[in-house]
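Notes follow the structure.
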Amino acid sequence: MRLFPVFAFCVSLCSASPVFGETTMPAVTVDNRSLPWMKGACESLQTQLIAKYGESQRVRLQRGLHQVAEFWRSGDGDEASFKEFVLNNFAGDQSTLNTMFNRFQGLVEQLNGHMQEITREFRQQADLDAGPVLPFDDLFAGYDPSAHVVDDFFNNKLAFVVLLNFPLTTLEERLTQGPDWNRQQWAEVRLAQMFAKRVPAEVNLEVARAAAESDSYISQYNIWMFHLIDQNGQRLFPPKLRLLSHWNLRDEIKADYADHEHGLAKQRCIQQVMERIITQTIPGVVVNNSRFDWNPWTNEVRLATEFDADSGDTAYGNFSNAPEPSTRYAMLLKTFQAAQKVDPYSPTAPSLIARRFDEDREIPEQRVRAMLEQVVTSPLVPKLAALIQRRLGRPLEPFDIWYDGFRSRGAYTEAQLDAIVANKYPTAGAFQKDIPNILMKFGFSPEKAQYVANNIVVDPARGSGHAMGASMRSAKAHLRTRVESTGMNYKGFNIAIHEMGHNVEQTFSLNEIDDTLLEGVPNTAFTEALAMVLQGHDLELLGLAAPDEQTHTLKTLNDFWNTYEISGVALVDMDVWHWMYDHPEASPQQLRDATVGIAKNIWNKYYAPVFDKRDVVLLAVYSHMIDSFLYLPDYPIGHLIAFQVEEQMRNAGAIGPEFERMAKMGHVTPDMWMIHATGKPVGAESLLSATDKALTSLAPQKK
Ligand SMILES: [Zn+2]
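Our numbering numbers the first residue of the sequence shown as 385 and each following residue consecutively.
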């Protein structure tokens, strides 16, 4: 079972749905409690089957009957068919159970693999650099052949066969008992998890609708920057600059550190805009609209006096600066209300919060919270803040949570690197041919390098590149890489090495793993960490000098500051979801006030002491908070995991064998994976100690 996408898109996170994942939930109502015969039927089946198979089967049988009963509804059959089903499908001895397990494992691999094959083929025109995309190509690309598989498996009763024979588990059980399970037991647990939910189709549809609606709201939330007027009546930004909230606004703040003349004024202006969005005091009329000039301090709006975009002929006879009516929070509420409807059909994780932490992340919320708090309360924060303040030459301002000045110039220009890469890789085929050499440079043996290379197909990508795993051993992983007509450029090469890292992980964690039901890694943060390790050595692969110590130090400080920032964002996301579960009847306005209060509270606790300013709301600006169902904690956890994996690789020396050893662990809990990989569970220590070292090395004169 895969709980993570089989694609790895690294620039933007992808939404490809695995056959069995949280996005494809089964679709029938659980109304077993209204089946009057169920209790008696289970009791008589228990007596009958224990008589047949012996007392040793009692515990398994009771569990299996309970699991089937929990999901069986009247439409699945009457008492007689229920009894017949159980009598025919309970595997009462170990040898039958093993046969059942092996067949399911083999066939689930075939199912996943062929679904992946259809998806890959259907997306070919959209994904590859292969001529124009016609409108129907997008329809093929959007088709998900596995959308109804879980429904089908409940309807044909294969899901009930699994539930009758293999254990559903809670995260608590996986964490406390998991380390003692053997590999087959783990694989059985993953098999059963595929059918841990049976959600009615109309509920799934509602979730999808809320997701689509909020996504569409977010994806059109642009600010026309030329039309922002500052306190002096000046336009700070160039014509036609249209920035999507929050991504482009945040990235503009980052880029403005390089603008020594107007950067600070622009950053202050963007902070003002962000605060208006969060508090929903932004005039509704200026959202995605270039017809108005807006002063985000006074909130004055007037018809634009200069034009920079084709806005059509819309006449605005009457307009006002009336605030957006809390639409942002109405969208969030809809996602909450939809997610909440899934709760009754998900007995082992009966809230969205539980599904995110217990199923997707498999790290308890309390532990995640503790790790994030360890970062935001670290004594390293004020030290790094003082360093940033010195580099800026002014007191910190709230938007400096996005400080971006820890970048060092490389030893080579982009043009030099482009020429070297284009010469080496004029075509995608040239890159394909070189993969065994590349892998040997990472310390893989010639045989191993060739073996992995044989399992990777390189295709020319339409976009910047991505990796797509095989999902069955008879197929190959695909590496999509961008090659210009003048050959591959450096950026394309850097991405290609990252995507190749995904393919190497995919190959080991599928083809070399003992049980294919354990294919993959615990979650996307792990495959990203492994891919980034290879990507970080791209210059050496070209025969050039590795980045120097200074570059490494600055990168560590940059990563730590980013983790500090995004940890607060994640804590806000978590508190807001708890508030919604505590106040299910809230109005959008109440949710707005609560979110603003939560953001201020987190800021005042962990940021105000460093920034010397209270009641800042900026941590609530992330768009993911509105449309991504409690996704944000994945970012800081990802940073922590990446540091742990990197540190282990550095300590181990040769990357190849260590990479293989780690990747073959497969889809167990993050802590089990990390203990196997590094000897320690997932945690913040690697990041903190690397940051400590980096800070010390930057300030030797202060000792
Ligand atoms: Zn990636």
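Note that beta-carbon positions come from the ideal geometry of N, C-alpha and C, so glycine has one too. Just so you know, these numbers come straight off a predicted model, no measurement behind them.
Exercise for review: Using 10 angstroms around the beta-carbon of residue 775, count the other beta-carbons present and answer buried if the total reaches 16, otherwise exposed.
Suggested key: exposed
Practice item. Return yes when the Cβ of residue 558 is within less than 7 Å of the Cβ of residue 1053, no when it is not. Key: yes
Practice item. With DSSP collapsed to three states, give me the class of residue 843. Key: strand
Check your understanding: I think residue 633 touches residue 658, with their Cβ atoms under 8 Å apart; what is that distance to the nearest whole Å?
Key -> 6 Å
Check your understanding: How long is the line joining the alpha carbons of residue 840 and residue 828, rounded to whole angstroms?
Key -> 15 Å
Review point. In whole angstroms, what separates the C-alpha of residue 414 from that of residue 820?
Key: Any reading at residue 414 must be qualified, since the residue scores a pLDDT of 45, below 50, and its modelled position is unreliable; the value itself is stated next. Spanning the two alpha carbons is a distance of roughly 52 Å.
Practice item. Determine the direct distance from the alpha carbon of residue 1074 to that of residue 932, and round the result to whole angstroms. Key: 16 Å
Practice item. Report yes if the C-beta of residue 636 is less than 6 Å from at least one heavy atom of ligand 1; otherwise report no. Key: no
**Study point:** Pairwise C-alpha distance: residue 463 and residue 756
**Key:** 51 Å
Point to revise | Range of the contiguous alpha helix (DSSP H) that encloses residue 654 | key: 647-663
Exercise for review: Determine, using beta-carbon pairs with one atom in the region 722-729 and one in the region 984-996, whether at least three such pairs fall under 8 Å.
Suggested key: no
Review point. If residue 730 and residue 581 are in contact, beta carbons under 8 Å, what's the gap, nearest whole angstrom?
Key: 5 Å
Review point. Do the CB positions of residue 1047 and residue 944 come within less than 7 Å of each other?
Key: no
Practice item. Starting from the Cα of residue 1000, find the closest Cα among 954, 1008, 804, 980 and give me that residue. Key: 980
Check your understanding: How about residue 1026: is its Cβ closer than 6 Å to a heavy atom in ligand 1?
Key -> no
Point to revise | Heavy atom of ligand 1 within 6 Å of residue 642 beta-carbon | key: no
Practice item. Provide the residue span of the beta strand (DSSP E) that contains residue 862, from first to last. Key: 861-865
Review point. Going by the CB atoms, is the gap between residue 612 and residue 901 shorter than 7 Å?
Key: no
Exercise for review: Ignore the nearest five residues each way along the sequence and tell me which others in residue 953's own chain have a CB closer than 6 Å to its CB.
Suggested key: 1003, 1006, 1016
Point to revise | Supposed close pair residue 548, residue 476 - CB separation, criterion 8 Å | key: Rounded, the Cβ-Cβ distance is 11 Å, inconsistent with contact.
Review point. With C-beta atoms as the reference, is residue 708 less than 7 Å away from residue 666?
Key: yes
Check your understanding: Cβ of residue 915 versus every heavy atom of ligand 1: is any distance shorter than 6 Å?
Key -> yes
Exercise for review: Decide if the region 498-512 is in contact with the region 521-528; the criterion is three or more beta carbon pairs, one per stretch, under 8 Å apart.
Suggested key: yes
Review point. Should residue 720 be labelled buried (16 or more other beta-carbon atoms within 10 Å of its own) or exposed?
Key: buried
Exercise for review: Using only the heavy atoms of ligand 1, determine whether one of them is closer than 6 Å to the beta carbon of residue 889.
Suggested key: no
Practice item. Go through its chain and collect everything with a Cβ distance to residue 878's Cβ below 8 Å, but skip five positions before and after it. Key: 919, 922
Check your understanding: If you draw a straight line from the C-alpha of residue 1024 to the C-alpha of residue 672, how long is it?
Key -> 36 Å
Review point. Does the beta carbon of residue 372 fall short of 6 Å from some heavy atom of ligand 1?
Key: The structure shown has nothing for residue 372, since the chain only spans 385 to 1087.
Check your understanding: Roughly how many angstroms lie between the CA atoms of residue 441 and residue 434, to the nearest whole one?
Key -> 7 Å
Review point. Leaving out five residues before and five after residue 749 in sequence, what residues of the same chain have Cβ atoms less than 6 Å from its Cβ?
Key: 741
Practice item. Out of 693, 702, 648, 849, state which residue places its alpha-carbon closest to the alpha-carbon of residue 782. Key: 648
Exercise for review: Just list the beta strand (DSSP E) runs in the region 667-752, keeping only unbroken ones of 3 residues or longer that don't cross its boundaries, in chain order.
Suggested key: 676-679, 684-687
Review point. Excluding sequence positions up to five away, which residues of its chain have a Cβ less than 8 Å from the Cβ of residue 874?
Key: 798, 801, 802, 804, 805
**Study point:** Cutoff 7 Å; reference residue 504; Cβ partners in own chain excluding five residues on either side
**Key:** 852, 862
**Study point:** Inter-residue CB distance, residue 876 and residue 847 (contact presumed, cutoff 8 Å)
**Key:** About 11 Å; that fails the 8 Å criterion.
Point to revise | Whole-angstrom distance between residue 844 and residue 438, CA atom to CA atom | key: 60 Å
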